[in-house]
Every structure is written in structure tokens, then in C-alpha cells.
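**Student:** After the C-alpha cells below, expect a handful of questions from me.
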Amino acid sequence: MLKEGARESPLLIFRATNKATGESFREVSNRRRFKDLEQMLATKYQLIVDNDELFVTDNVVRWAIAENKLHDQPEDPQNKQAFKEATNAVLRDHNLPINV
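With our numbering as the guide, the letters of the sequence shown map in order to residues 5 to 104.
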């Protein structure tokens with residue numbers, strides 16, 4: 005199912021840079037969500053794609069599970085930490101700086 009979803013809307017890694025402070029972070033997303041975020045956040049952030057298409061790996065699967073749990077329970081500190089760790093694992097796999 006994850007592979008089918010990745011074919012329909014491929015996963016990517018993007019960098020969001022705050023236009024006022026210059027601070028940035030990286031996120032994993034599908035292409036459709038990235039385009040929505042680009043429009044929603046255009047006044048405050050510059051979004052740049054760092055990696056255009058991610059292959060489905062163990063860490064990408066872990067990220068997807070963590071993202072789903074965070075979506076269901078966004079205030080749960082364990083879900084927040086698991087999502088951050090899963091995102092950073094995907095970033096490391098692609099030789100990108102991790103989020104602090």
C-alpha cells in the first residue's frame with residue numbers, strides 16, 4: 005500500500021527556510037502535500053526540494069507509521085519524538101542534515 009501511494013504521489017524531502025530568521029528544517033512529504041504547503045506558507049517560508057523522489061525503505065516505512073500516529077494523536081509527546089526520530093533517520097539515509 006505504501007508503494008502504491010508513493011507511485012501516485014511520490015515522497016520527497018524538502019527544506020523550509022523561515023524568510024525572517026533564516027532558520028530552516030527538513031521534512032518528508034508527498035508531492036501533493038508539498039504543493040499545498042508551498043501555497044499555504046509562501047509568505048513566511050521558502051520551500052525547496054532537497055530530494056525529489058524517495059524509494060520505499062525500512063526508514064521510510066517507519067516514518068510513515070510515525071507520521072500516521074502523530075496525525076491521530078498530535079499532542080502525544082511519544083508520537084512527536086518518534087516522528088522526529090523517524091524523519092531524522094530518513095534524512096541521514098540521504099546524507100542531509102538532521103533536524104535538531
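We put the CB at the ideal spot given by N, CA and C, even for glycine. Note that this is a predicted model, so its numbers are computed, not measured.
For the beta strand (DSSP E) that residue 21 lies in, which residues bound it at each end?
**Tutor:** 15-22
**Student:** Kindly indicate which three-state DSSP category residue 65 falls into: helix, strand or coil?
**Tutor:** helix
**Student:** Specify, as a first and last residue, the run of the alpha helix (DSSP H) that residue 40 falls within.
**Tutor:** 35-44
**Student:** Could you work out which residue in 26, 82, 77, 20 is closest to residue 33 when comparing CA atoms only?
**Tutor:** Nearest C-alpha to residue 33: 20.
**Student:** Which residue wins for smallest C-alpha separation from residue 35, given the options 25, 17, 49?
**Tutor:** 17
**Student:** On the CB-based measure, 16 or more other CB atoms within 10 Å of its CB, does residue 96 come out buried or exposed?
**Tutor:** exposed
**Student:** Would you report the Cα separation of residue 31 and residue 89, rounded to the nearest angstrom?
**Tutor:** Residue 31 and residue 89 have their C-alpha atoms some 12 Å from each other.
**Student:** Kindly indicate the opening and closing residues of the beta strand (DSSP E) around residue 50.
**Tutor:** 49-55
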